[in-house]
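2 protein chains.
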Amino acid sequence: MTKLKYISGGVTAAKGFMAAGIHAGIRKNSIKNDLALVYTAQPAKIGGVFTQNLYAAAPVNYCRQVVERGTASALVANSGNANAVTGDQGVEDTLSMAAAVAAELNIAADQVLVCSTGVIGVNLPMEVIKAGIKAIAPVLSPDGGNDAAQAIMTTDTVSKEVAVEITLSDGRVATIGGMAKGSGMIHPNMATLLCFITTDMPINSAVLQTAVKYAADRSFNMLTVDGDTSTNDSMLVMANGIIGGKMIEENTADFELFTEALTAISIDLTKMMAADGEGANHLLEIEVVNAFSREDAARAAKAVAASNLVKSAFFGEDANWGRIICAVGYAGITLPENKTDMTISSDGGSITVMQDGVGLVFDEILAKKILSAKDIKVYINLKCGAFSATAWGCDLSYEYVRINGDYRT
Amino acid sequence: MTKLKYISGGVTAAKGFMAAGIHAGIRKNSIKNDLALVYTAQPAKIGGVFTQNLYAAAPVNYCRQVVERGTASALVANSGNANAVTGDQGVEDTLSMAAAVAAELNIAADQVLVCSTGVIGVNLPMEVIKAGIKAIAPVLSPDGGNDAAQAIMTTDTVSKEVAVEITLSDGRVATIGGMAKGSGMIHPNMATLLCFITTDMPINSAVLQTAVKYAADRSFNMLTVDGDTSTNDSMLVMANGIIGGKMIEENTADFELFTEALTAISIDLTKMMAADGEGANHLLEIEVVNAFSREDAARAAKAVAASNLVKSAFFGEDANWGRIICAVGYAGITLPENKTDMTISSDGGSITVMQDGVGLVFDEILAKKILSAKDIKVYINLKCGAFSATAWGCDLSYEYVRINGDYRT
Chain A
6 MTKLKYISGG VTAAKGFMAA GIHAGIRKNS IKNDLALVYT AQPAKIGGVF
56 TQNLYAAAPV NYCRQVVERG TASALVANSG NANAVTGDQG VEDTLSMAAA
106 VAAELNIAAD QVLVCSTGVI GVNLPMEVIK AGIKAIAPVL SPDGGNDAAQ
156 AIMTTDTVSK EVAVEITLSD GRVATIGGMA KGSGMIHPNM ATLLCFITTD
206 MPINSAVLQT AVKYAADRSF NMLTVDGDTS TNDSMLVMAN GIIGGKMIEE
256 NTADFELFTE ALTAISIDLT KMMAADGEGA NHLLEIEVVN AFSREDAARA
306 AKAVAASNLV KSAFFGEDAN WGRIICAVGY AGITLPENKT DMTISSDGGS
356 ITVMQDGVGL VFDEILAKKI LSAKDIKVYI NLKCGAFSAT AWGCDLSYEY
406 VRINGDYRT
Chain B
6 MTKLKYISGG VTAAKGFMAA GIHAGIRKNS IKNDLALVYT AQPAKIGGVF
56 TQNLYAAAPV NYCRQVVERG TASALVANSG NANAVTGDQG VEDTLSMAAA
106 VAAELNIAAD QVLVCSTGVI GVNLPMEVIK AGIKAIAPVL SPDGGNDAAQ
156 AIMTTDTVSK EVAVEITLSD GRVATIGGMA KGSGMIHPNM ATLLCFITTD
206 MPINSAVLQT AVKYAADRSF NMLTVDGDTS TNDSMLVMAN GIIGGKMIEE
256 NTADFELFTE ALTAISIDLT KMMAADGEGA NHLLEIEVVN AFSREDAARA
306 AKAVAASNLV KSAFFGEDAN WGRIICAVGY AGITLPENKT DMTISSDGGS
356 ITVMQDGVGL VFDEILAKKI LSAKDIKVYI NLKCGAFSAT AWGCDLSYEY
406 VRINGDYRT
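Protein chains in written order, with my numbering: chain A, 6 to 414; chain B, 6 to 414.
Set out below in C-alpha cells:
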C-alpha cells in the first residue's frame, strides 16, 4: 500500500549526485573523516531551513543567502570546528572554502553551499581545509555517500543515511536520499543539526522550500536531545531534476507524494538521531493527540521529550508518569479541563497509567518490562481538541554528562 | 552600610511564630522528618505565588484561595507525597488536612495553609497524616524552625533557613525569616519549589503580595536546576504584625526596605537551593547586563543557567564559553548587533573569553583553576540596552541522573 520504496544509500542514491568524505586533519588526535563534499554536474534547485540562534555561525548566514538565490551545484561540510562566533575571520573563511571548492570543480563560488560543525569560537585551520578540498575533489564518486555521512559525524556513534524511491503519476521514478549528523545540542523549533538531502526530482526552489519546511516541522523540529539549539543547525535539500519531464507543482498529487517522502525520510533521520542521542539507551516517541491546536500538541510533546526528569526516569526504567504529566502541564498549552489519559508502551507491552485526569494503579513488573525495551512510546490523549503531534527524544544518562563534561578539551 | 542584619533562625525568627517538624511516617523506609507545622496565635496577613503548571496539585489550588482571602494562622506541609494528579480524592484530602490542623489548634479550617511535596499521582496516606497532625500540634515551639525546615526536605541534602532584622524609619525592629526546600524539578518563570517566610511586620495582604511578587521574580523565578516546573511549587509569606504600630504602605522607604529584605532572603534561599541542586558540585551565577529589556536580560540569564550543555561543561570544569553564548543566542531576545563581551570568574580568578562578539584566546590553565572553584560567575555584557538580571543554577552531574533515574521506586 505504501508509495515509498526504501532503497539503500544516502546522498548519492538520487541520479547525478556524487560525494566523498576524507580525513583532512581538522580534528586533532583522530583519523575519522572530517571533510565531506557533495556534487551534481547538473545544477540543483535548493531549499533549506536553519537555526534561529542569534549567534548563527558564519556558514549558516552564508547558506541562507545561497538558498535565497535558489541554486547550487556543490556542498562542502567539515566536522571538528563550527566556525561560529569567529567574527569577520569566520565570514572570510567560509567564502574561502566556497572559492576553493569552486576552483576544484570549475563552477562559480556562489554555487557552493558551506557547512561547519564542531567546537564554537575557534577559527578554522584554513591551510588544512584548503589542502583537504584539493584532496577530496578528485575522489568524488557515485558511491561516496557513506564516506560523506561519516565525515559530518561529531559525537555520533553511527552514520545516518536513508533513501526512498517514489513513482510519480506519469510513471517517472524519482529518488530522494539523505544523510544527517547530530547527537547533542539538538532541540526543537529550529532547523536542527546538519541534514543534507538530494533528489533527482524536477522541482523549482520555491515549491521545494514549501516541502522542506513542512518536513522539518514534522521531523527535526520535533526532536530534542538536550534542549540546546546549535549555532550551526541546517537542513539543506538539493534537487537536480535529472529525471526530466515537467516540474512538480504545489497542490498536486505528485507534490503531496514528494512531500510525504521527504517528511518520511526526515522522520527516519530524526529517529536515528534520537536513538543516537549522546549517551542514549532508549529512543522515546511522545505522541500527543486531541490537543486544542497543532501548536499545543507539538509544544506538549516536545516539553515531555525535553524534560530532564522524564529523561532521567526513562534512563532508570522507572514508570514515573507524574513527571510526564508535569511536563505537559508546564508546556504552555490550553487545557480547559483535565480529562487526560496516558499510556506507555513498547515491544514489552502496554500500560495505561492515567485515565480521565487521575493516576491509576498499575502492574509495576509489567512496567519494568515495558521500559526495559529500547524503543518506548508515550501516548497522551488530552481530549480537548482534534490536533496531534509526535516528538522524539532519548533518555539522559551518565554517559551524556561524561561526553559533555569534556568535549572541548 | 547595609540595612539588613542577618540573624540565626528561619520561620520562627520573627516574633509570635512557632513551628515543629516530626517523622509522621509518610515516607516509607525513612526516619526523616516528613511533616511540618507553622503557627501564629495572632492571625497573619498572607501573600503567595504558585506554580503555573496546568496540573497544579490539589493543595496549590487550595492555597490560591486562601491567599485570595488574605489571612491564615497556620501552615501544614508534608514531604514524601505531592498530592498531585490525584483527582477529587486529592481535593478532599487537602481539606481534611486543613480541618485536622484546625481542630488541634482551635482555629477555623479556612485559616490553615496546606502544602505537599514528593511523588506525583499517589493518594496521601491520610491515616498516617491525621495521626501525625495530632502528634505535631503539641510540640509547636518558638525553637521549632529547623525541625520544620528538615521536614519539608525531599532530595535536599541540607535544610535551608535564613533570617534578617530590619529597623524601620520610626525605630521599630522587624524580623523576616524563612525556610525553603527544593533541589530538583526547579525552573524559572514559576513560583518555584516550597518556600515559607514569616515576619512580624504590620502589613496588609495586598501590599504584602506586591512585595512577594517582586522578590519571587528576582530570586526563585531566576533559579533553574533542571528545567522542570513542579506541580506543587509555592512561595508563601505570613505577616502577623505582632511588633505593632502603623501598617507599612507602598511607595514608602519602609516598604522599600521590607521588599529589599524579602528579596535578599529569597535570593539567599535561591542560592542555597542552586548549590544543593541534585548532584550539584558548582553554584552558577549568570549575570546579563545591558540587555534591551529586563525580560530579555532574564531570559538570556535563565537560558544559560538551564542549558544542559553549559551545565555539563561546568561539571567537567571545561571553559566551553561557546555553549554559553549559544544559549544566549536561542533565548529569544532582541540583539541588534553582536558586540557581546563575556567574563568567567570565581575565587580562582577571572578570564575574558569573548570581546566585541568574537572569542578570545585565553589561558587554559587559569581557566581550569577558575572553574575548579565551587561558586562560579558568568558575566555577559550584551551592550544593547540598560537592563540587567541574574539567574542561578548548578552543574549537571552523574549524580543528578542517578538520583532521578530511581526516585519513585
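Glycine included, every Cβ here is placed at the ideal spot set by N, Cα and C.
Hey, out of the options, whose CA is closest to residue i's CA?
{"i": "Y67/A", "options": "T357/A, N38/A, Y403/A, D238/A", "result": "D238/A"}
{"i": "K382/A", "options": "F367/A, G354/A, F201/A", "result": "G354/A"}
{"i": "N151/A", "options": "K139/A, A266/A, M23/A, T257/A", "result": "M23/A"}
{"i": "E73/A", "options": "N86/A, A306/A, L274/A, V54/A", "result": "V54/A"}
{"i": "S271/A", "options": "T45/A, D361/A, A221/A, V366/A", "result": "A221/A"}
{"i": "S84/B", "options": "I171/B, N38/B, Y403/B, P207/B", "result": "N38/B"}
{"i": "A285/A", "options": "G30/A, T160/A, A113/A, A332/A", "result": "T160/A"}
{"i": "K307/A", "options": "T395/A, Q360/A, D400/A", "result": "T395/A"}
{"i": "K350/B", "options": "I329/B, V363/B, G21/B, I375/B", "result": "It is worth fixing the name first, because residue 350/B is Ser in this sequence and not Lys. Of I329/B, V363/B, G21/B, I375/B, the residue nearest in Cα terms is I375/B."}
{"i": "A87/A", "options": "Q360/A, L198/A, E300/A, T345/A", "result": "L198/A"}
{"i": "F201/A", "options": "D400/A, Y11/A, T17/A", "result": "T17/A"}
{"i": "I208/A", "options": "D93/A, A29/A, T257/A", "result": "T257/A"}
{"i": "N325/B", "options": "Y335/B, R299/B, L145/B, V366/B", "result": "V366/B"}
{"i": "Q70/B", "options": "A29/B, G92/B, A114/B", "result": "A114/B"}
{"i": "K186/B", "options": "L401/B, I329/B, G15/B, V178/B", "result": "G15/B"}
{"i": "A29/B", "options": "T91/B, I157/B, L9/B, K165/B", "result": "I157/B"}
{"i": "G334/A", "options": "T348/A, G362/A, F319/A, R177/A", "result": "G362/A"}
DSSP state of residue i, grouped into three classes?
{"i": "M190/B", "result": "In this predicted model, M190/B has a pLDDT of only 43, less than 50, meaning its place in the structure is not dependable; the value taken from the coordinates is given anyway. Here M190/B sits in coil by DSSP."}
{"i": "F55/A", "result": "strand"}
{"i": "M195/A", "result": "For M195/A, the pLDDT reaches just 29, beneath the cut-off of 50, and the residue's location in the model is therefore unreliable, leaving the point undetermined."}
{"i": "M102/B", "result": "helix"}
{"i": "F367/B", "result": "coil"}
{"i": "K33/A", "result": "coil"}
{"i": "S84/A", "result": "strand"}
{"i": "I181/B", "result": "strand"}
{"i": "V90/A", "result": "coil"}
{"i": "G95/B", "result": "helix"}
{"i": "K251/B", "result": "coil"}
{"i": "I2/B", "result": "With chain B covering 6 to 414 only, the question about residue 2/B has no answer from this structure."}
{"i": "V217/A", "result": "helix"}
{"i": "A108/A", "result": "helix"}
{"i": "L274/B", "result": "helix"}
{"i": "I322/A", "result": "Strictly speaking, residue 322/A in this sequence is Glu, with Ile absent from that position. Three-state result, E322/A: coil."}
{"i": "I157/B", "result": "coil"}
{"i": "L314/B", "result": "helix"}
Cβ atoms of residue j and residue i: under 8 Å apart, would you say?
{"i": "E290/B", "j": "S377/B", "result": "no"}
{"i": "A5/A", "j": "D205/A", "result": "Residue coverage of chain A in this structure runs from 6 to 414, which leaves residue 5/A outside it and unanswerable."}
{"i": "A25/A", "j": "L42/A", "result": "yes"}
{"i": "W397/B", "j": "T275/B", "result": "yes"}
{"i": "T215/B", "j": "G183/B", "result": "no"}
{"i": "I356/B", "j": "D368/B", "result": "yes"}
{"i": "A168/B", "j": "G126/B", "result": "no"}
{"i": "L288/B", "j": "D380/B", "result": "yes"}
{"i": "A142/A", "j": "L110/A", "result": "yes"}
{"i": "S224/B", "j": "G75/B", "result": "no"}
{"i": "T348/B", "j": "S235/B", "result": "no"}
{"i": "A279/B", "j": "L213/B", "result": "no"}
{"i": "V178/B", "j": "E170/B", "result": "yes"}
{"i": "C415/A", "j": "G282/A", "result": "Outside the displayed range of chain A (6 to 414) lies residue 415/A, so it cannot be described from this structure."}
{"i": "T180/B", "j": "G364/A", "result": "no"}
So what does residue i bridge to, in DSSP terms?
{"i": "G123/B", "result": "G85/B"}
{"i": "I349/B", "result": "I356/B, V383/B"}
{"i": "Y44/B", "result": "M23/B, A79/B"}
{"i": "M243/A", "result": "I51/A, T203/A"}
{"i": "C399/B", "result": "L288/B"}
{"i": "A258/B", "result": "None, per the DSSP bridge assignment."}
{"i": "L118/B", "result": "L80/B"}
- Quick check: the stretch 339 to 346 of chain B against the stretch 387 to 405 of chain B, are there 3 or more CB pairs under 8 Å? yes
- Task: Pair every Cβ in the stretch 237 to 257 of chain A with every Cβ in the stretch 45 to 54 of chain A, then say whether three or more of these pairs are closer than 8 Å.
- Result: yes
- Query: Is it a yes or a no for the stretch 115 to 127 of chain B touching the stretch 91 to 104 of chain B, going by three-plus beta-carbon pairs under 8 Å?
  - Reply: yes
- Message: Count Cβ pairs between the stretch 309 to 318 of chain B and the stretch 247 to 258 of chain B that sit closer than 8 Å; are there 3 or more?
- Response: no
- Message: Using a Cβ distance threshold of 8 Å, determine whether the stretch 134 to 142 of chain B contacts the stretch 103 to 112 of chain B, with at least three qualifying pairs required.
- Response: yes
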